[in-house]
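Some notes on the structure that comes next.
In our numbering, the protein residues as written are 1125 to 1709.
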């Protein structure tokens, strides 16, 4: 009996031991935040701590005016290491998770029993620019909505539509009591002071308690589509100071024609005879040469163009230095090789100005001026030719003033061939090709209403409905003023003020999307800009800076799906870069 009792006691002790060994750790229900702080680098790059004051369920952190509250990382300690800290559904990690503290944020601390405690975290600045924006109420007739800024430290970021006239905007702002804002020496009044926001503006902020005044920079960005770089500057191995672009009608991808100049792929100087034309195309995300990357011409070329026919066959036209003749040559790409359209150097004369396109019915078309007089043509006389029935045919228009300073042939979105002309009297004319006959579009020999003469170049474009535009430069006080005119069915009328290229010649381009939206690009000494025309204001929208710095040349084209592209050769390195204008990359 005694043994039975001993065995029973032993079994009870074993069970008790097993139970004790399997027992879970005590459940911890604490869910408090013991400390909270921000660690921010100061102007010298040193870390500085700003602890929060915890009062009940509120945490307040005082920060100086210059700290950017839009991307702060909070460091915190909780009383229970098993809790989960969240903002909304996002788990927060101390010293790692980044949040925007422009407005108060609710931190939720979740315990093991799934109970929660919430803390409201608020940033406080005793001296601050508290808000900034543009409001419809303050800008009647200028704004159609309200646009609030995001203040990032000493930067004021504002997103607005590109159609807004930035030259006369009134800002609404709020500061802490006693603070003042100035632009230069001009005191700023909220909802009253008019300013031009076409470029960044510096607001000087001052208040009692500041050791020195602080400068806020107001920066405008545009809502919607942006200019994105496609790839990088390595798409072309050599340098290239001249680049032209065309968009494939079916793939909607850009093709570039360029002249190999400067240094080659190995960094060696390219000799004159090797300054050939080459072509490269975007295929998905990869750039690939069409033909040899070393060039598709026999020798040196000048004044290049690229175009597609309606079947998607690419063509190039150029001034050809083969045998030193400097006449016109056109090539097309078929069966994986470039072949001449007709004879090389087919023009009867050495060309001076030169332009090429593929016109109606897939007919290659050139417009040029003669470099020297030949029989039937004076020096600087206009010359036009198209390729039909396996021959280049002279279709030069019979015009009263046939001596010209510039010419451009182009195919409009209506499929028709056009020719824009600057004559030697510095007047302009536009012609449309129908059945191999040129007919003037409106008045022959016109100028803008100020009577300023045209200067060295001319461009043109036509929309899908046949509306025709002409572009050119005039010179005033050594400034190249870009001008765009539209034929309204009766007369030529100027479209607003297109932009100032300063001392930059012939660096401008006009393109139209399938819906008739106008894009105008121009370069000056500060950079390359693109702007669109606003049919409501009858003027050009604020120009967007696409590339900062001087350029050699650029081209602007719009794809059949309405996406514009830019090809640019910067002066800094003579490389070629390409941009597209879209909502996403």
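We put the CB at the ideal spot given by N, CA and C, even for glycine.
Small disclaimer: the values here were computed from a predicted structure and weren't measured.
If you check the beta carbons only, do residue 1619 and residue 1636 fall under 9 angstroms apart? Between residue 1619 and residue 1636, the CB-CB gap reaches or exceeds 9 angstroms.
Residue 1350 to residue 1703, Cα distance in whole Å? When rounded, the distance between both Cα atoms is 10 angstroms.
Secondary structure at residue 1148, three-state DSSP: helix, strand or coil? Because the pLDDT at residue 1148 is just 49, under 50, the model does not fix this residue reliably, and the value given afterwards should be weighed accordingly. Correct three-state label for residue 1148: coil.
For residue 1396, which of helix, strand or coil comes out of DSSP? Per DSSP, reduced to three states, the secondary structure at residue 1396 is helical.
Which runs of the beta strand (DSSP E), 3 residues or longer, sit entirely within the region 1218 to 1253? Correct list: 1229 to 1234, 1240 to 1248.
Taking contact to mean 3 or more Cβ pairs, one atom from each stretch, closer than 8 angstroms, check whether the region 1227 to 1240 and the region 1197 to 1213 are in contact. The region 1227 to 1240 is in contact with the region 1197 to 1213.
By the DSSP assignment, the beta strand (DSSP E) with residue 1182 in it spans what residues? Here the beta strand (DSSP E) through residue 1182 covers 1182 to 1186.
Please classify residue 1614 as buried or exposed, where buried requires at least 16 neighbouring CB atoms within 10 angstroms. A residue is called buried when at least 16 other Cβ atoms come within 10 angstroms of its Cβ; residue 1614 does not meet this threshold and is exposed.
Can you give me the start and stop residues for the beta strand (DSSP E) that residue 1470 sits inside? From DSSP, residue 1470 is part of no beta strand (DSSP E); its letter is neither H nor E.
Name the DSSP beta bridge partners of residue 1346, please? Residue pairing by DSSP places residue 1346 opposite 1284 in a beta bridge.
I want to see whether chain B comes within less than 9 angstroms of residue 1169, judged by CB atoms only; does it? Given the protein chain composition of this structure (a single chain), no chain B is represented.
Between 1327, 1336, 1334, 1356, which lies nearest to residue 1104 when the distance is taken from Cα to Cα? Residue 1104 is absent from the structure shown; the chain starts at 1125 and stops at 1709.
Alpha-carbon spacing of residue 1235 relative to residue 1219, whole angstroms: Per the coordinates, the alpha-carbon of residue 1235 lies some 21 angstroms from the alpha-carbon of residue 1219.
Hey, how far is the Cα of residue 1368 from the Cα of residue 1688? Separation of residue 1368 and residue 1688 (C-alpha to C-alpha, rounded to the nearest whole angstrom) is 14 angstroms.
Residue from 1570, 1553, 1488, 1573 with nearest C-alpha to residue 1584: Measuring from the Cα of residue 1584, the nearest candidate turns out to be 1553.
Which first and last residues belong to the beta strand (DSSP E) in which residue 1509 is found? Bounds of the beta strand (DSSP E) holding residue 1509 are 1506 to 1512.
Buried or exposed by the 16-neighbour rule on C-beta atoms within 10 Å, applied to residue 1700: Counting other Cβ atoms within 10 Å of its Cβ, residue 1700 reaches 16 or more and is therefore classed as buried.
Bounding residues of the beta strand (DSSP E) (the contiguous stretch that carries residue 1492): Unbroken beta strand (DSSP E) run through residue 1492: 1488 to 1494.
Contact under 9 angstroms by Cβ, residue 1424 with residue 1439: Cβ atoms of residue 1424 and residue 1439: not closer than 9 angstroms.
Cα-Cα separation, residue 1358 to residue 1524: Each residue's Cα considered, the two are about 49 angstroms apart.
DSSP puts residue 1551 in a beta bridge; with which residues? In DSSP, residue 1551 forms no bridge with anything.
Strand pairing of residue 1364, partner residues [DSSP]: DSSP links residue 1364 through a beta bridge to 1384.
To the nearest angstrom, how far is the alpha carbon of residue 1686 from that of residue 1414? For the pair residue 1686 and residue 1414, the Cα-to-Cα distance works out to about 24 angstroms.
Could you round the C-beta distance between residue 1454 and residue 1492 to whole angstroms and report it? I think they count as a contact, below 8 angstroms. Not quite, the Cβ-Cβ distance comes to about 12 angstroms (not below 8 angstroms), so this is no contact.
Please name the residue in 1482, 1610, 1477 whose C-alpha comes closest to that of residue 1512. Considering only alpha carbons, the answer is 1482.
Taking 8 angstroms as the threshold, find out whether the region 1300 to 1314 comes into contact with the region 1370 to 1381 through three or more Cβ pairs. In short, these stretches do not touch, since the Cβ pair count stays below three.
So, residue 1366 versus residue 1428, is the Cβ gap smaller than 9 angstroms? Contact annotation: residue 1366 and residue 1428 have beta-carbon atoms nearer than 9 angstroms.
Does the region 1262 to 1282 come close enough to the region 1236 to 1249 that 3 or more CB-CB pairs lie under 8 angstroms? Output reads no: the region 1262 to 1282 does not touch the region 1236 to 1249.
Return the Cβ separation of residue 1161 and residue 1176 in integer angstroms, given the expectation that the two are a contact with Cβ distance under 8 angstroms. Going by Cβ atoms, the distance from residue 1161 to residue 1176 rounds to 6 angstroms, so yes, they are a contact pair.
Taking residue 1705 as part of the beta strand (DSSP E), name the residues at either end of that continuous run. Unbroken beta strand (DSSP E) run through residue 1705: 1701 to 1706.
Coarse secondary structure for residue 1257, derived from DSSP in three states: Looking at residue 1257 - three-state DSSP - the assignment turns out to be strand.
Whether residue 1398 touches residue 1347 by CB criterion (9 angstroms): Between residue 1398 and residue 1347, the gap from beta carbon to beta carbon reaches 9 angstroms or more.
Would you identify the three-state DSSP class for residue 1440, choosing helix, strand or coil? Strand, per DSSP.
Within this structure, are the beta carbons of residue 1164 and residue 1187 separated by less than 9 angstroms? The answer is yes: Cβ separation under 9 angstroms.
When DSSP builds the beta bridges, which residues end up paired with residue 1402? Bridge partners of residue 1402: 1382.
Can you check whether the CB of residue 1652 is closer than 9 angstroms to the CB of residue 1678? Yes, the pair counts as a contact, with Cβ atoms nearer than the cut-off.
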